[in-house]
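In my numbering, the protein residues as written are 1061 to 1164. Just so you know, even glycine gets a beta-carbon here, dropped at the ideal spot from N, CA and C. Okay, structure first, notes after.
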């Protein structure tokens, strides 16, 4: 295989990965406002997909909420190292949404 073909394949892979990341971030960004208080974890997963991280206690990126918070779903942008964008969904011990937060 020659270098041009290898370089072309790498460029195509990077373009596809960038497009997929942009679509994912756009979908999460548009779905995030539809989350409501008391929504279940299952509803959040259906709307937003699976989180990148689940953190307990409820403190993520310096954001903490009410004392009844049990854990937080963290959705980070696929471009997070370059662009510090994330969405947080906080849950109580009954696995119901108590608050949301995002950083654009």
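Strand pairing of residue i, partner residues [DSSP]
i	result
residue 1139	Its beta-bridge partners do not exist; DSSP assigns none.
residue 1149	1133, 1160
residue 1120	1123
Residue i in three-state terms, based on DSSP
i	result
residue 1161	strand
residue 1079	helix
residue 1085	helix
residue 1128	coil
residue 1068	helix
Residue j beta carbon less than 8 Å from that of residue i
i	j	result
residue 1115	residue 1131	yes
residue 1113	residue 1138	no
residue 1092	residue 1125	no
residue 1129	residue 1154	no
residue 1148	residue 1160	yes
Boundaries (first-last residue) of the beta strand (DSSP E) holding residue i
i	result
residue 1155	Residue 1155 -> no beta strand (DSSP E), and no H or E assigned at all.
Limits of the unbroken alpha helix (DSSP H) element including residue i
i	result
residue 1112	First-last for residue 1112: undefined, no H or E at that position.
residue 1096	Premise fails: residue 1096 is in no alpha helix (DSSP H) and is neither H nor E.
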